[in-house]
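Residue numbers (this note's numbering), protein chains in the order written: chain Y, 4 to 473; chain V, 5 to 296; chain D, 3 to 335.
Idealized CB from N, CA, C, for every residue including glycine.
Source: prediction; values computed, not measured.
Next comes the structure, spelled out in structure tokens:
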């Protein structure tokens with residue numbers, strides 16, 4: 004399929020099948036909660052009070068830091084220790100082995116772990132930590148060449164900048180016999196998918212994975228070679244010339260600007276408006292064994308997310324101060340502040356308004372939508388991490404086993420019952436299906452409808468679809 | 005080794021004696037206190053085996069004080085080490101009170117040339133190590149303490165018995181070494197140049213002490229020395245060894261000077277000087293060694 | 003700098019012209035205090051001049067003044083953290099009291115502080131890790147060294163292995179240790195955190211060798227006379243080891259232990275960085291990752307503290323060695 008198929012027929016058989024599925028699921032959720040939405044059941048005491056959560060030094064770990072610093076965890080009877088992890092693999096291993104009870108995770112991590120790509124473990128997410136928050140940065144050298152190809156208005160480049168502008172640079176590298184390399188933070192990271200999306204939208208092939216043949220480097224047929232670098236090491240790796248650009252969360256793009264070693268060219272919400280970013284992950288075993296604890300953790304996180312977005316971000320300055328402490332993100336407050344307080348600096352001096360750079364609560368940012376899970380699964384399929392075709396139902400089932408809006412709903416309803424939140428601050432749980440409406444807010448204008456993952460994949464020129472294999 | 009059998013049964017002894025030993029030495033074996041018979045030793049070297057000692061025969065009576073004298077390198081210490089059981093002879097063997105010597109043991113106490121005290125133990129503790137080992141189960145704790153102190157008194161070391169070796173002089177260390185050997189109540193005391201490293205005055209003192217102790221205890225003593233005066237003054241017999249390789253007993257000189265002996269009177273004693281002369285003649289005429 | 007080259011009296015004071023008591027005193031003061039101070043002063047000068055010329059991505063390299071300020075700064079942070087810790091326990095009591103009021107069956111527990119470790123906590127963690135690794139290494143290395151020292155053939159057998167592993171960097175061991183520990187040490191709530199075990203084992207693996215080698219050499223070089231004494235006394239094997247081998251090889255053993263301890267300390271910092279054991283090594287790593295404008299001076303503070311602790315550890319070993327050693331005349335420095 005190509006772009007003209009974007010408008011799907013509503014009577015599509017897939018659609019009908021899905022409606023049956025979601026109705027059944029809704030019934031299952033409802034039975035656990037009790038029919039009237041506001042007569043929330045009282046949440047029992049936490050079964051496990053002493054908890055350790057892992058995080059990576061990124062500004063979007065903020066809900067954890069705020070829940071800790073503002074005492075929201077303690078309000079739930081939870082004594083939480085927050086531990087910075089050196090990289091995403093260590094963090095995931097910590098959660099799988101049980102040395103971490105939960106963690107700030109890449110959205111792809113619980114999904115990949117559950118389907119057994121990389122470490123196999125059933126991990127669930129009852130809480131989505133934020134929307135947006137990433138950007139793509141290239142080295143000064145690459146930017147100098149790109150800049151000439153980008154249209155300007157009032158002396159400033161017109162945004163969003165397409166990867167097309169980078170294609171000649173990549174071509175030139177190829178002529179010189181050099182590889183064009185970019186860093187991302189983890190094979191199943193949102194960064195990997197957004198970076199690939201952006202490159203592919205600009206007709207640059209980021210390469211394929213083929214786990215069936217043991218290829219997990221994701222560089223088959225690649226024009227741009229992507230590799231893993233832990234977030235805090237991105238600027239220094241760029242400076243060392245090991246990579247020519249990267250996609251990472253904050254503050255590591257602004258750090259490059261601050262240190263004068265690179266230029267951010269695009270923020271991820273320009274690739275996909277209000278894309279889901281980090282999630283809070285726990286093992287399925289944990290939420291099964293300690294159901295009250297899981298709900299209480301989500302309660303604390305909801306309050307933290309709300310605090311971060313409260314009154315158009317009036318608390319953001321305080322959040323920046325908290326995050327700049329060494330045990331959290333640790334970067335200078337002014338670097339963290341750049342993206343956290345509604346602005347984003349691209350080329351040095353080119354500071355633009357970016358109110359949506361980090362969304363922690365509004366627009367239902369914290370609700371774990373099945374459709375978000377399915378989007379990540381489609382990207383895993385697109386780039387070969389899921390090497391064989393899967394039915395739409397498979398996508399739905401994986402999403403259902405990993406994303407746990409039922410836990411979120413319990414937490415939210417108890418917060419409403421406690422008078423701390425209004426129902427309007429959450430999705431309407433009576434009608435909520437877990438699917439966001441179809442959207443074409445992507446840089447290439449392709450429409451995504453979570454109900455039709457396979458049909459969605461058909462629309463891409465670069466990428467696996469149907470029964471294709473690498 | 006030729007002497008494979010242990011001589012604790014008369015019949016066995018006789019068999020061996022008839023088969024392998026000359027009649028003379030077989031009789032000697034029966035009666036002897038300490039008998040070295042046809043003792044030879046070879047040491048392996050890169051150029052093949054080297055015969056250090058060749059067919060040494062020596063018969064020592066109980067309570068006898070025997071000195072071994074010879075040029076350095078002639079194998080005196082090797083003889084002593086064989087008696088001590090630290091070396092095994094290649095041929096021949098040593099019999100002490102009817103038993104063949106096959107390994108070291110406290111009944112053949114050794115006074116080493118450089119005292120060999122354990123430097124981390126006091127004089128008392130050094131002697132105690134030996135006493136506890138030898139009299140384990142035979143003496144009570146109090147008896148042991150008394151015995152240790154007695155032996156230290158014997159060598160005039162009671163005033164410094166709680167000092168460590170590095171806190172006392174060389175002579176005192178050697179006294180402690182002697183006390184340690186005496187405290188084992190040895191059948192034979194083996195002394196390897198015990199006073200060699202001491203100055204002349206200290207040496208004289210120690211020799212006097214040794215004579216005094218010997219008069220009282222009447223131990224069997226084999227002492228190595230290259231000091232002619234020391235040998236004549238202390239010994240009942242002097243065994244003079246030929247130069248190596250294949251060193252052996254050259255001459256044996258009986259010292260029939262009356263005891264107690266006094267070094268001052270001896271200096272003018274004609275017999276003493278004659279004996280002294282005999283030893284010197286052996287060493288510097290018959291077994292002259294060219295130091296190159 | 004004339005003073006440096008001219009007067010350097012020997013300890014026995016055998017200089018031809020008899021120095022007056024005053025000038026000897028001055029000389030001694032100069033040597034004991036003046037010269038070290040002069041050296042430190044020169045170092046600080048070179049440091050500050052060099053630092054002002056080094057520009058990093060995180061700003062200028064911190065000079066002595068910046069580091070001094072950072073020490074004050076970190077001390078304030080430490081006090082702040084301690085106050086926070088105290089408040090945490092107070093709050094916990096309140097939370098417990100509230101809960102007991104609502105839920106009488108609840109048996110209150112006091113949970114340990116959940117905040118980040120303070121710098122002092124990190125020092126403690128590092129010391130516990132290094133000492134336990136070192137102790138474990140010593141418990142293995144001393145008996146092994148004794149056995150190897152007693153038997154020339156055992157030594158010949160083990161020597162190639164020792165020589166092979168001795169120069170291996172902790173960074174090479176660490177991934178192996180991490181994976182093995184992950185496979186073997188699988189309690190959900192382990193008594194010791196994995197990061198601690200991994201760092202400790204890595205330290206142990208690097209600290210083994212000097213003690214083994216030195217103990218073996220010490221044991222093998224027991225004077226023949228002492229061995230003969232033992233033979234004449236017919237000492238049993240254990241008595242021989244206890245009464246003669248151990249004391250005799252003690253000086254060499256201690257030389258090995260001292261080497262092992264200083265290696266342990268160096269290895270620890272690297273191991274903690276990678277294993278994420280919350281000690282000083284992880285502090286350095288975290289600050290490197292943070293990349294804030296304070297990071298460099300905070301790392302410099304850690305560097306100074308690491309050096310100081312390493313020095314103190316070595317001095318402590320030396321003191322212990324002096325206390326235990328029978329050879330009081332041996333020059334130990």
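- Rounded to the nearest whole angstrom, the C-alpha separation of residue 250 of chain Y and residue 259 of chain Y is 12 Å.
- The beta-carbon of residue 129 of chain D is placed no less than 8 Å from the nearest beta-carbon of chain V.
- Counting the other CB atoms within 10 Å of its CB gives residue 201 of chain Y a total of 16 or more, which places it among the buried residues.
- Chain D places a beta carbon closer than 8 Å to that of residue 82 of chain Y, counting this residue as a contact.
- Listed by position along chain V, the residues whose Cβ is nearer than 7 Å to that of residue 246 of chain D are 122.
- Residue 207 of chain Y sits in coil when the DSSP states are folded into three classes, being neither helix nor strand.
- For residue 45 of chain V, the pairing in a beta bridge is given by DSSP as V/57.
- Nearest to residue 255 of chain D by C-alpha distance, out of D/148, D/35, D/63, is D/148.
- Taking C-beta atoms as the reference points, residue 88 of chain V and residue 112 of chain V count as a pair closer than 8 Å.
- Counting only the Cα atoms, residue 221 of chain D lies some 11 Å from residue 154 of chain D.
- When only Cα atoms are considered, residue 179 of chain D and residue 159 of chain Y end up about 53 Å apart.
- In this structure, DSSP gives residue 328 of chain D a state outside helix and strand, which the three-state scheme calls coil.
- Three or more Cβ pairs drawn from the region 379-387 of chain Y and the region 208-228 of chain Y lie within less than 8 Å of each other, which places the two stretches in contact.
- Between the region 193-208 of chain V and the region 171-179 of chain V, the count of C-beta pairs closer than 8 Å reaches three or more; the two stretches touch.
- In this structure residue 138 of chain Y is buried. Its beta-carbon is surrounded by 16 or more other beta-carbon atoms within 10 angstroms.
- In this structure, residue 125 of chain V keeps its C-beta atom at 8 Å or more from the C-beta atom of residue 55 of chain V.
- Non-local C-beta neighbours of residue 169 of chain Y in its own chain, meaning closer than 6 Å and more than five positions away in sequence, comprise 149, ordered along the chain.
- By the C-beta criterion, the region 99-109 of chain V is judged to be in contact with the region 224-241 of chain D, since at least 3 inter-stretch pairs fall below 8 Å.
- If you look at residue 264 of chain D, you'll find it in the alpha helix (DSSP H) that goes 248-277.
- Per the DSSP secondary-structure output, residue 54 of chain D pairs with nothing in a beta bridge.
- For the 8 Å CB-CB criterion, residue 309 of chain Y and residue 360 of chain Y do not form a contact.
- In the assembly as shown, residue 193 of chain V is a buried residue. Its beta-carbon has 16 or more other beta-carbons within 10 Å.
- The CB of residue 391 of chain Y never comes closer than 9 Å to any CB in chain D; the least such distance is about 30 Å.
- By the rule that beta-carbons nearer than 8 Å mark a contact, residue 155 of chain D does not touch chain Y.
- Under the DSSP definition of a beta bridge, residue 71 of chain V partners with V/227, V/242.
- When C-beta atoms of the region 199-215 of chain V are compared with those of the region 247-255 of chain V, fewer than three pairs fall below 8 Å, so the two segments do not count as touching.
- If you draw a straight line from the Cα of residue 273 of chain Y to the Cα of residue 366 of chain Y, it comes to about 17 Å.
- Within the DSSP secondary-structure output, residue 99 of chain V pairs in a beta bridge with V/39, V/104.
- Taking 7 Å as the upper bound on Cβ-Cβ separation, chain V lies near no residue of the region 288-299 of chain D.
- DSSP links residue 451 of chain Y through a beta bridge to Y/442.
- Under the three-state reduction of DSSP output, residue 183 of chain D falls in the helix class.
- Residues 451, 453 of the same chain have their beta carbon placed closer than 7 Å to that of residue 378 of chain Y, with the five preceding and five following residues left out of the count.
- The Cβ atoms of residue 295 of chain D and residue 247 of chain Y lie no closer than 8 Å to each other.
- When DSSP states are grouped into helix, strand and coil, residue 316 of chain D belongs to the helix group.
- Boundaries cannot be given for residue 164 of chain Y, as no alpha helix (DSSP H) includes it and DSSP labels it neither H nor E.
- Taking the beta carbon of residue 335 of chain Y as reference, the chain D residues within 7 Å of it are 294, 295, listed in sequence order.
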